[in-house]
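Residue numbers (the numbering used here), protein chains in the order written: chain G, 1 to 449; chain Z, 450 to 503.
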């Protein structure tokens, strides 16, 4: 097939100059803003409250004056007519063909309606990233996830079909059956959360005597749902366990599939800037962040999503800006290390900013520890404490003092903090199939009424 | 043919398909098997337009 030779799913959009990209983004932003203003009472009221109308939006500076949308605002508007989406819905109910909802990690789930066109757009965004990661029609792609009300890898499924891959839904099978089916069919690629990918490798070896790197044919793994695939130590563990290339992808139910790592693995995510406008704010002051190297909170607009538009959505994702050019030739901006944390999770401990991803990178870089760990932040009197629970490998009963010493040293270097370290036998800490909850800040729980 | 001319030619074809799909949608009222498929084709056409920066 002659198109297989193209390194880009969309050779035009993915290589636009910065100036052309910005012109396109501005045109699209104005269009989606006007659409939302004219079709949604929620959006109109929000923008009227600050006196901004579509004709006022002509520059990126104008865009920065537009109020952001937070998840809590979507929650408050939903559960009403047109049921259950309420006033943020921009199309008649009969145009809605897909329902998904957020996981509800931070509160009541948000419902997400989509039209056929939106769903085409979802799979188009995913096709862009899968193609960039080397998926081609010859691939046989296995999706080991529960096909349900969460968006998860649904659009990955349709994008895989759209590319022309043979697409295998590994829905209600248990982990062992999924591994056996992948082996039987010689699947060449798969998509799952990093936590589940590591768990699958563990199950394959322990319960089935299958070494994924030797006995399976998986050569590409697309990870999403949580950081990990761009945390160096986690990526290394997965790649070694599976003998495959591991790629990260970032997205969210309310936003769409906005970021991806390309096959060149630059240690960063590309933002799909033809479909999304990404803005960055200082996590403390809210001021715009534009300089490479700085961290910013991602505020994002899905430029073409129509049923329930996502305009200047506060993603709460913390990212690090880069001005590096990628060797893949795409002009889409890079974010170093992908999503480095959630604004909710990144917290000050003893006055020092702590990102859970940094702890994961240390734990998984140390041989002699399993993939699982747990971080508990608490307060004793006026002093913050951090307890790190780690697991030994199967069969080990005690941690060598050199291992604990190395853990202390590397954590100190990487996070500038001291930890109380507890070691546990293999299998003691919780296992997760979807999004892991390894970071617990008990100070927040105590402060809630 | 240069790239821009090729894109313009593709866009012309897409717009022609869009008009045809609109027409088909209109004449297929009370014939769901055609009307709903025409509508679905329109969603794909919209995506092709977006892919050319429209």
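Ideal placement from N, C-alpha and C gives every residue a C-beta, glycine not left out.
Would you please state the rounded distance, in angstroms, between the beta carbons of residue 180(G) and residue 168(G)? I believe it to be under 8 Å. Indexing the first chain from 1 puts residue 180(G) at position 180. Indexing the first chain from 1 puts residue 168(G) at position 168. So it is not a contact: roughly 13 Å between Cβ atoms.
Residue 200(G): first and last residue of the uninterrupted alpha helix (DSSP H) it sits in: Within the first chain, the letter at position 200 stands for residue 200(G). Looking at the DSSP string, the run of the alpha helix (DSSP H) that includes residue 200(G) is 194–208.
Starting from residue 353(G), trace the beta strand (DSSP E) both ways and give me its first and last residue. As a first step, residue 353(G) must be located in the first chain, where it is residue number 353. Per DSSP, residue 353(G) belongs to the beta strand (DSSP E) from 352–354.
Say whether the segment 336–351 of chain G touches the segment 153–162 of chain G, bearing in mind that this needs 3 or more beta-carbon pairs closer than 8 Å, one atom from each stretch. no
Does DSSP put residue 463(G) in a helix, a strand or coil? No statement about residue 463(G) is possible, as the shown extent of chain G runs from 1 to 449 and does not include it.
Within 10 angstroms of the Cβ of residue 138(G), are there 16 or more other Cβ atoms? Answer buried if so, exposed if not. As a first step, residue 138(G) must be located in the first chain, where it is residue number 138. So residue 138(G) counts as exposed.
By how many angstroms is the C-alpha of residue 490(Z) removed from the C-alpha of residue 496(Z)? Locating residue 496(Z) in the second chain gives position 47, counting from the first residue. Locating residue 490(Z) in the second chain gives position 41, counting from the first residue. Cα-Cα distance, rounded: 10 Å.
Let me check one thing: in DSSP terms, what residues is residue 373(G) bridge-paired to? Along the first chain, one-based indexing puts residue 373(G) at 373. 390(G).
Counting only runs that start and end within the segment 29–106 of chain G, where is the alpha helix (DSSP H) found for 4 or more residues in a row? 41–48, 60–64 and 71–77
Is it buried or exposed for residue 504(Z), if we count other Cβ within 10 angstroms and need 16 for buried? What the structure shows of chain Z is the stretch from 450 to 503, and residue 504(Z) is not part of that stretch, so it cannot be assessed.
Quick check: the Cα distance between residue 320(G) and residue 479(Z), rounded to an integer number of angstroms? The residue you call residue 320(G) lines up with position 320 of the first chain. The residue you call residue 479(Z) lines up with position 30 of the second chain. Approximately 54 Å between the Cα atoms of the pair.
Interface residues of chain Z facing residue 10(G) [CB-CB closer than 8 Å]: Indexing the first chain from 1 puts residue 10(G) at position 10. 500, listed in chain order.
So, at 7 Å on beta carbons, what are the nonlocal neighbours of residue 1(G) in its own chain, with the 5 sequence-adjacent residues on each side left out? Residue 1(G) sits at position 1 when you count from the first residue of the first chain. Summary for residue 1(G): the model assigns pLDDT 47, below 50, so the residue's position carries little reliability; its value from the coordinates is reported in the next sentence. The answer, listed in chain order, is 137.
At a Cβ cut of 7 Å, what residues of the segment 20–36 of chain G count as close to chain Z, listed as they run along the chain? 24
Residue 143(G) and residue 171(G): beta carbons closer than 9 Å? Numbered from its first residue, the first chain carries residue 143(G) at position 143. Numbered from its first residue, the first chain carries residue 171(G) at position 171. Yes; because the gap between Cβ atoms is below 9 Å, this pair is in contact.
So is residue 457(Z) in contact with chain G if we call contact Cβ pairs under 9 Å? Indexing the second chain from 1 puts residue 457(Z) at position 8. No, its Cβ sits nowhere closer than 9 Å to a Cβ of chain G.
Straight-line CA distance for residue 47(G) to residue 308(G)? Start at 1 with the first residue of the first chain, and residue 47(G) comes out as number 47. Start at 1 with the first residue of the first chain, and residue 308(G) comes out as number 308. Their Cα atoms are separated by approximately 16 Å.
Straight-line CA distance for residue 335(G) to residue 23(G)? Numbered from 1 along the first chain, position 335 holds the residue referred to as residue 335(G). Numbered from 1 along the first chain, position 23 holds the residue referred to as residue 23(G). Distance between the alpha carbons of residue 335(G) and residue 23(G) is about 21 Å.
Is the CB-CB distance between residue 241(G) and residue 249(G) below 9 Å? Against the first chain, residue 241(G) aligns to sequence position 241. Against the first chain, residue 249(G) aligns to sequence position 249. No. Outside cutoff.
So, with DSSP's three-state summary, where would you put residue 146(G)? Here residue 146(G) corresponds to residue number 146 of the first chain, with the count starting at 1. Looking at residue 146(G) - three-state DSSP - the assignment turns out to be coil, as it is neither helix nor strand.
3-residue-minimum beta strand (DSSP E) runs that sit fully inside the segment 216–280 of chain G, ordered along the chain: 220–223, 245–252, 256–260 and 268–271
Against chain Z, which members of the segment 302–322 of chain G pass a CB distance test of less than 7 Å? 304
By the 10 Å Cβ neighbour count, where 16 or more other Cβ atoms means buried, how is residue 393(G) classified, buried or exposed? Counting from 1 along the first chain, the entry for residue 393(G) is found at position 393. Exposed, since its Cβ has fewer than 16 Cβ neighbours within 10 Å.
Can you tell me which of the three DSSP states residue 300(G) falls into? By one-based count along the first chain, residue 300(G) stands at place 300. In this structure, residue 300(G) counts as strand in the three-state DSSP scheme.
Using a Cβ-Cβ distance under 9 Å, would residue 467(Z) count as near chain G? As a working mapping, residue 467(Z) is identified with position 18 in the second chain. Output row for residue 467(Z): interface = no.
DSSP three-state call for residue 12(G): helix, strand or coil? Looking up residue 12(G) in the first chain gives position 12. Coil at residue 12(G), not helix or strand.
Taking the alpha helix (DSSP H) that residue 415(G) falls in, what are its first and last residues? For this step, residue 415(G) is matched to residue 415 along the first chain. From DSSP, the alpha helix (DSSP H) with residue 415(G) extends over 401–415.
Residue 308(G) - DSSP class collapsed to helix/strand/coil: In the first chain, counting from the first residue as 1, residue 308(G) sits at position 308. Of the three classes helix, strand and coil, the one that applies to residue 308(G) here is coil, per DSSP.
Would you list the one or two residues that DSSP bridges to residue 468(G)? What is shown of chain G runs 1 to 449, which leaves residue 468(G) out entirely.
Who are the near neighbours of residue 98(G) in its chain, counting only those whose CB is closer than 6 Å to its CB and skipping five residues on each side? In the first chain, counting from the first residue as 1, residue 98(G) sits at position 98. Excluding residues within five positions, the ones whose Cβ falls inside 6 Å are 114 and 119.
If you draw a straight line from the C-alpha of residue 260(G) to the C-alpha of residue 408(G), how long is it? Within the first chain, numbered from 1, the residue matching residue 260(G) stands at position 260. Within the first chain, numbered from 1, the residue matching residue 408(G) stands at position 408. Those two C-alpha atoms are separated by around 33 Å.
Exposed or buried, residue 455(G), counting other C-beta atoms within 10 Å across all chains shown (16 or more means buried)? Outside the displayed span of chain G (1 to 449) sits residue 455(G), for which this structure offers no information.
Out of 235(G), 244(G), 370(G) and 81(G), state which residue places its alpha-carbon closest to the alpha-carbon of residue 214(G). Working through the first chain from its first residue, we reach residue 214(G) at position 214. Of the listed residues, the one whose Cα sits closest to residue 214(G) is 244(G).
Residue 1(G) by DSSP, collapsed to three states: which one? By one-based count along the first chain, residue 1(G) stands at place 1. Because residue 1(G) sits at a pLDDT of 47, beneath the cut-off of 50, its placement in the model cannot be relied upon, and the following sentence gives the value as read from the coordinates. It is coil, neither helix nor strand.
Short of 9 Å Cβ to Cβ, which residues in the segment 107–128 of chain G face chain Z? 115, 116, 117, 118, 119, 120, 121, 123 and 124
Between the alpha carbons of residue 217(G) and residue 272(G), how many angstroms are there, rounded? Counting from 1 along the first chain, the entry for residue 217(G) is found at position 217. Counting from 1 along the first chain, the entry for residue 272(G) is found at position 272. Residue 217(G) and residue 272(G): Cα-Cα distance of roughly 29 Å.
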